[in-house]
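Colleague: Same order as they appear, the protein sequences are chains A and B. Sequential numbering from 1 applies to the first sequence in the numbering used here. Sequential numbering from 1 applies to the second sequence in the numbering used here. Idealized CB from N, CA, C, for every residue including glycine.
Number of protein chains: 2
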Amino acid sequence: MIVTIKDVAERAGVSPKTVSRVLNNETHVRPQLRETVLRVIEELNYKPNMFARGLSSARSYLIGLFIYDPYWSGYATDIQLGALRRCRELGYHLVIEPIDPHIEGAAEQVVDSVAGLRLDGVILPPPLCTFEPLLARIEEMGMAYVRISPGQDMDRSALVEIDEYAAAHEMTRHLIELGHRDIGFVEGIPTHAAAARRYAGFKTAMAEAGLTVNPDWVLPGMFTFQTGFAAADELLSRKGPLPTALFCANDDMALGAVSAARKHGLEAPADLSIVGFDDAPAARFSWPPITTMRQPVSDMVASAVDMLVDPKYRRDAGKDGGKPAPRLQLPFALVQRQSAATP
Amino acid sequence: MIVTIKDVAERAGVSPKTVSRVLNNETHVRPQLRETVLRVIEELNYKPNMFARGLSSARSYLIGLFIYDPYWSGYATDIQLGALRRCRELGYHLVIEPIDPHIEGAAEQVVDSVAGLRLDGVILPPPLCTFEPLLARIEEMGMAYVRISPGQDMDRSALVEIDEYAAAHEMTRHLIELGHRDIGFVEGIPTHAAAARRYAGFKTAMAEAGLTVNPDWVLPGMFTFQTGFAAADELLSRKGPLPTALFCANDDMALGAVSAARKHGLEAPADLSIVGFDDAPAARFSWPPITTMRQPVSDMVASAVDMLVDPKYRRDAGKDGGKPAPRLQLPFALVQRQSAATP
DNA sequence: TCTCGATTTGACATCGATGTCAACATCGGC
DNA sequence: GCCGATGTTGACATCGATGTCAAATCGAGA
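1) Is there at least one Cβ from chain B nearer than 9 angstroms to residue 263 of chain A's Cβ?
2) At least one CB of chain A closer than 9 angstroms to the CB of residue 291 of chain B: is that the case?
3) Thinking residue 62 of chain B and residue 119 of chain B are a contact (beta carbons under 8 angstroms), I'd like their distance in whole angstroms, please.
4) Taking 9 angstroms as the threshold (beta carbon to beta carbon), is residue 47 of chain A in contact with chain B?
5) Taking 9 angstroms as the CB-CB cut-off, is residue 19 of chain A touching chain B?
6) What are the residues in the segment 328-340 of chain B lying within 8 angstroms of chain A by C-beta distance?
7) According to DSSP, is residue 241 of chain B part of a helix, a strand, or is it coil?
8) Below 6 angstroms CB to CB, which residues in the same chain sit around residue 224 of chain A once its five sequence neighbours on both sides are set aside?
9) How should residue 265 of chain B be labelled, buried or exposed, when 16 other C-beta atoms within 10 angstroms of its C-beta is the threshold for buried?
10) With three or more beta-carbon pairs closer than 8 angstroms as the criterion, would you say the segment 187-196 of chain A touches the segment 124-142 of chain A?
11) Near residue 83 of chain A, which residues of its chain fall below 8 angstroms by C-beta distance, leaving aside the five closest residues on each side in sequence?
12) Can you say whether residue 291 of chain B is buried or exposed, counting buried as having 16 or more other CB atoms within 10 angstroms of its CB?
13) Is any beta-carbon of chain B found at less than 9 angstroms from that of residue 197 of chain A?
14) Establish whether the CB of residue 50 of chain B and some CB of chain A are separated by less than 9 angstroms.
15) Quick check on the DSSP output: what are the complete beta strand (DSSP E) runs of length 3 or more inside the segment 169-198 of chain B, in order along the chain?
16) Does any residue of chain A have a CB that is nearer than 9 angstroms to the CB of residue 118 of chain B?
17) Is the CB of residue 96 of chain B under 9 angstroms away from at least one CB in chain A?
18) Three or more C-beta pairs closer than 8 angstroms, one from the segment 245-261 of chain A and one from the segment 165-179 of chain A: is that the case here?
19) If you follow the alpha helix (DSSP H) that residue 99 of chain A is in, where does it begin and where does it stop?
20) Consult DSSP for residue 290 of chain A and reduce its assignment to one of helix, strand or coil.
21) Could you give the distance in angstroms between the alpha-carbon of residue 183 of chain A and the alpha-carbon of residue 206 of chain A?
22) If we cut at 9 angstroms on Cβ distances, does residue 102 of chain B have a partner in chain A?
23) Return the residue from the list A:282, A:222, A:254, A:216 that minimises the CA-CA distance to residue 74 of chain A.
24) Checking contacts by CB at 9 angstroms: is residue 271 of chain A closer than that to chain B?
25) Which residues in the same chain as residue 100 of chain A place their Cβ atom closer than 6 angstroms to its Cβ, once the five residues preceding and following it in sequence are excluded?
26) Closest by CA to residue 227 of chain B, which one among B:258, B:215, B:204?
27) Helix or strand or just coil, what does DSSP make of residue 64 of chain B?
28) Which stretch, first to last residue, makes up the beta strand (DSSP E) that contains residue 121 of chain B?
29) Would you say residue 364 of chain A faces chain B, with C-beta separation under 9 angstroms as the test?
30) Looking only at DSSP bridge pairs, what is residue 85 of chain B linked to?
31) Quick one: is residue 282 of chain B near chain A, going by C-beta distance under 9 angstroms?
32) Using a Cβ-Cβ cutoff of less than 7 angstroms, which residues in the same chain neighbour residue 268 of chain A once the five nearest sequence positions on both sides are dropped?
33) Do residue 161 of chain A and residue 33 of chain A count as a contact pair if the criterion is CB distance below 9 angstroms?
34) Answer with buried or exposed for residue 56 of chain A, where buried requires no fewer than 16 other C-beta atoms within 10 angstroms of its C-beta.
35) Chain A partners of residue 287 of chain B, CB-CB under 8 angstroms?
36) How close, in whole Å, do the beta carbons of residue 98 of chain B and residue 68 of chain B come, if the pair is a contact with beta carbons under 8 angstroms?
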C-alpha cells in the first residue's frame with residue numbers, strides 16, 4: 001500500500017542507497033541513472049517517510065516558531081505566513097508553539113515538549129526573543145535559533161531586524177516636518193526591547209528638533225488595539241492641553257487610538273494626527289488609512305528560515321568557533337497615508 | 001549525550017519494552033515498577049524521540065491544520081489557538097499548512113507535501129472544508145479529517161459546528177425586536193456554505209415577521225474588514241432610502257461597516273445599527289463594541305482535535321463500517337453590545 | 001593492454017522506539 | 001501440591017530511511 005524507498009529501488013533496478021542519494025541531491029550518481037530514479041519516484045508517487053528520515057539522519061526538516069499568543073495581530077500573522085511560505089519552498093514544515101512568558105515554567109515546558117521533535121532550528125519573534133528563561137533553555141538544549149528584532153544582546157545569536165531606532169527617528173521627523181510640535185507617544189510592551197528602541201528614536205528626533213517630550217503624553221501600551229484605545233481614551237479625557245499628533249509604537253494601537261479619538265468626537269487627521277508602525281494589513285484598510293512604517297516582516301522571517309536551513313548556520317552559530325553571529329538588517333520604509341497631516 | 005529508552009531501561013533495571021509500556025500507559029506493569037521507571041525518566045529528563053516513535057508505531061502524534069491565509073482574522077486566530085492548546089494538552093503537535101484554493105493544484109501539492117508526515121488527522125476550517133479537490137485528495141490518501149462548520153455534505157465526514165441557521169435567525173429576531181423593519185445584510189464568501197446558511201436564517205426570520213428583504217440591501221462580502229467597508233461604503237453612497245440596521249455575516253465586516261458609516265458621517269448605533277457574527281476579539285474592543293453572535297470557536301476546534309486523537313474516530317470515521325459520521329453541535333450565544341439599538 | 005586513481009554503486013549496520021510472541025511469575029481452586 | 005488462568009516481563013524483529021565503508025566500474029596515461 002505505502003510506497004517505500006525499497007519499492008522505488010527495486011523498480012528502478014538500483015539499491016535503496018542510490019535512491020536516497022538522488023532524493024538528497026548528493027553527488028556521485030550518473031545523470032542517466034538519476035533520471036531513471038526520478039521518473040520512478042514520479043510514477044509511484046513516492047514520498048519519503050519523514051520519521052525514517054529523521055531517525056537516521058541528523059535533520060528533521062522541521063522548524064519551530066515560538067509565539068506569544070495574546071499579542072496576535074497583523075504583525076504576528078505576517079510572521080507566521082512568511083515562515084510558512086518559506087518552509088514550504090524549502091520542503092520543510094513549521095511547528096508552531098505558543099508560549100506565555102507570564103506562566104511560570106512555560107518556556108521550559110514547551111522546549112521540553114519539542115525536544116523529541118529534534119527541530120532543525122527555532123525562530124523567536126518579539127517578545128519571546130528577549131525572554132531570558134526561554135533563551136537559556138534553548139541554549140542548554142543546544143538548539144539552533146534565530147531571533148527577530150531582539151533589540152538587545154545582539155551578539156548572542158543569529159538575528160534579523162530592521163533599524164528600529166532609525167525608523168522611529170524618521171517617523172518622528174515626518175511628523176515634525178508636517179508642522180507638529182506637540183507630539184504624544186504610546187509605548188509598546190516594556191519587556192520588548194525593540195519597543196524601547198522605537199521610543200529612543202522618537203525622543204532623539206524630538207531633541208534634535210529642539211522639542212521637548214511632555215512626559216504626560218507618553219503613555220503605556222501593550223501593542224494591542226485594546227491598549228491603544230485605552231491609552232488614547234485616557235489622554236483625551238484630560239482637561240489640560242493636548243498634543244496635535246500621537247505616535248503609536250505599532251499599528252494595532254494606532255487603530256485603537258483612532259477609535260478612541262472618535263469616541264471623544266475627534267477625527268484623524270483633522271483634529272489629531274495618529275501614526276503607527278509595522279504596516280499591518282488593517283492599517284491600509286481602516287478609515288482613515290494609517291500612516292505607518294513598513295517592516296518587511298515576511299522577508300525577515302523568511303531570512304530566518306534560510307539561516308536555520310543553511311548548514312553554515314546550523315548549530316550554535318556565533319556561540320563557539322569565535323565567528324560572529326550573523327546579523328541581517330533589512331530596509332524599512334515610511335508609508336504615508338491619511339491619518340497624519342499638518343496640525 | 002542524548003537520552004534514549006535504553007538508558008532509562010538500563011538504569012531502572014528493566015527492559016526497554018517495559019519503559020515503552022510505561023510511556024504509553026499500557027496495562028500489565030506492576031505499579032511499583034511503573035513508579036521506578038517514571039522516577040528514572042524524570043531523573044534523566046528523558047524525552048522519547050518522535051521519529052523513532054512515528055516510525056515503529058502507527059501514530060505520528062501530529063495533527064494537521066489547513067488554513068486559507070488571506071482570510072486570517074479573529075476567527076482564524078481563534079481556530080489556531082484552540083487547536084494549539086488542545087494539542088499541547090494531549091501531547092500532540094500541530095502542523096499548519098496554508099492552502100490557497102485559487103491556485104491550481106495547490107490542494108494536491110499540500111496534501112502530498114504532508115504525506116511523508118503521516119499525520120494522525122487533519123482539521124479543515126472554513127472555507128477549506130468545502131473545497132472539493134482538497135477533500136477528494138485527502139480521502140484518496142486515506143487520511144482522517146474533521147471539518148469545522150462545513151454547512152453542506154453533512155454525512156461525508158466527522159464535523160463540528162454550531163447551528164448557523166438558528167443563530168442567524170436569532171440575531172435577526174433580535175434586530176426586529178429592537179424595532180427595525182428595514183434591515184440590510186452583508187453576505188460572506190459565496191463558496192462558504194456556512195455563509196449561505198446565515199443568510200438563510202436571516203431571510204426566514206424576516207419572512208416570519210412579515211418583513212420583506214430588499215434585494216438592493218443585500219450586499220456581497222468576503223468576510224474581511226476591507227469588503228465590509230466597501231459594501232457599506234457603496235450602500236451609504238446611494239441616493240435612495242437606507243436600511244436602519246445592517247447585519248454583517250461576520251465581525252470583521254461589521255467593523256469595516258462601522259468605519260464606512262463614519263466616513264459618511266453616520267454613527268452606530270444612533271444612525272445605523274450594525275451587528276456581526278463570531279464574537280471576534282476586536283468586536284469587544286472596538287468603538288462601539290459590536291453586538292454579535294458568539295461561536296465557541298476554541299471549543300469547536302478542540303473537539304475536532306479530540307475526535308482525531310480518539311481511536312474511535314481514527315480512520316475514515318463514518319466512511320466505511322456504515323456507522324454514521326460523528327456530528328457535534330455546540331451552543332451559540334447572542335452577545336448584546338452597543339452597536340445595535342432601537343432605530 | 002595494464003595500472004592507478006577517481007568516480008560510482010551497493011551491502012550492511014544503524015537510528016530509537018513499538019509490535020509480537022513466548023517465557024515466566026503469581027494466584028486461586030481443586 | 002498441582003493445575004490452568006491470568007498477569008507481567010523481555011528477546012527479538014521491525015518500521016524506512018541514511019551513514020560508513022568496501023567493492024565495482026570507469027578513464028586516462030604508460
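Modeller: The structure says:
1) By this cut-off, residue 263 of chain A is an interface position.
2) Not closer than 9 angstroms to any Cβ of chain A, the Cβ of residue 291 of chain B fails to qualify, so no.
3) Between residue 62 of chain B and residue 119 of chain B the beta-carbon gap is near 5 angstroms, inside 8 angstroms, which marks them as a contact.
4) The beta-carbon of residue 47 of chain A is placed less than 9 angstroms from the nearest beta-carbon of chain B.
5) When Cβ-Cβ separations below 9 angstroms define contact, residue 19 of chain A makes no contact with chain B.
6) For the segment 328-340 of chain B, which is checked against every Cβ of chain A, not one residue is closer than 8 angstroms.
7) DSSP places residue 241 of chain B in coil when its eight states are reduced to three.
8) Cβ neighbours of residue 224 of chain A within its own chain (closer than 6 angstroms, five residues either side excluded): 252.
9) With fewer than 16 other Cβ atoms within 10 Å, it is exposed.
10) Flag = yes, the segment 187-196 of chain A and the segment 124-142 of chain A touch.
11) Cβ neighbours of residue 83 of chain A beyond the five flanking positions: 63, 65, 94, 123, 301, 302, 304, 305.
12) Residue 291 of chain B is buried by the Cβ-count criterion.
13) No Cβ of chain B is located within less than 9 angstroms of the beta carbon of residue 197 of chain A.
14) Closer than 9 angstroms to some Cβ of chain A, the Cβ of residue 50 of chain B qualifies, so yes.
15) Segments of the beta strand (DSSP E) lying fully in the segment 169-198 of chain B: 183-186.
16) Answer yes: the Cβ-Cβ gap between residue 118 of chain B and chain A drops below 9 angstroms somewhere.
17) For residue 96 of chain B, the answer is yes, since a Cβ of chain A falls inside 9 angstroms of its Cβ.
18) Touching, yes.
19) From DSSP, residue 99 of chain A is part of no alpha helix (DSSP H); its letter is neither H nor E.
20) The DSSP-derived three-state label of residue 290 of chain A is coil.
21) Cα-Cα distance, rounded: 9 angstroms.
22) At a cut-off of 9 angstroms between beta carbons, residue 102 of chain B makes no contact with chain A.
23) Closest option to residue 74 of chain A, Cα to Cα, is A:282.
24) Not an interface residue.
25) Correct list, in chain order: 106.
26) Of the listed residues, the one whose Cα sits closest to residue 227 of chain B is B:258.
27) It is a strand residue.
28) Annotation for residue 121 of chain B: the continuous beta strand (DSSP E) segment containing it runs 121-124.
29) Look at the range of chain A in this structure, 1 to 343, and you will see that residue 364 of chain A is not part of it.
30) Beta-bridge pairing links residue 85 of chain B to no other residue.
31) For residue 282 of chain B, the answer is yes, since a Cβ of chain A falls inside 9 angstroms of its Cβ.
32) Answer for residue 268 of chain A: 258, 261, 274, 288, 339, listed in chain order.
33) No, these two residues do not count as a Cβ contact at 9 angstroms.
34) The residue is exposed, with fewer than 16 neighbouring Cβ atoms inside 10 Å.
35) The contact set of residue 287 of chain B on chain A, defined by CB atoms closer than 8 angstroms, consists of 229, 259, 260, 262, 263 in chain order.
36) Approximately 7 angstroms separates the beta-carbon atoms of residue 98 of chain B and residue 68 of chain B; this is inside 8 angstroms, confirming the contact.
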